[in-house]
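Engineer:
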Amino acid sequence: HAAREARREAADAERQAAEAREAAARERARSDAQAEAQAEANAAQATEEDTQPDPGPTEETGAITEDGEVTQQ
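Last residue of the sequence shown: number 294 in the working numbering, and the count goes up by one each step with no gaps.
1) Please give the ranges of any alpha helix (DSSP H) in the stretch 231-266, keeping only runs that are unbroken, at least 4 residues long and fully inside the region.
2) Have a look at Ala238 and Asn263 and give me their C-alpha separation to the nearest angstrom.
3) Consult DSSP for Glu270 and reduce its assignment to one of helix, strand or coil.
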């Protein structure tokens with residue numbers, strides 16, 4: 222009976238190790254997918270920023286005076 226019990230415990234340990242490996246692989250895949258999605262979002266943001274026209278001096282930036290004159294920032 223002791224040998225059978227030892228084999229069962231070994232099989233349980235092996236199954237738990239396999240489950241842990243699978244969980245780690247799923248976590249890596251999730252992390253990789255997250256990183257890829259973030260990289261794509263960053264690239265899209267950079268592309269969008271590159272295509273935006275330079276707004277030039279505006280009242281919001283304080284570059285235009287009350288008289289409508291452009292001041293140096």
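Each residue gets a CB set at the ideal place from its N, CA and C atoms; glycine is no exception.
Structural biologist: Concretely, from the data shown:
1) none
2) What you label residue 238 is simply residue 17 of the sequence shown in a count that begins at 1. What you label residue 263 is simply residue 42 of the sequence shown in a count that begins at 1. Cα to Cα, Ala238 sits roughly 37 Å from Asn263.
3) Position 49 of the sequence shown, counted from the start, is the residue given in the question as residue 270. Reduced to three states, the DSSP call for Glu270 is helix.
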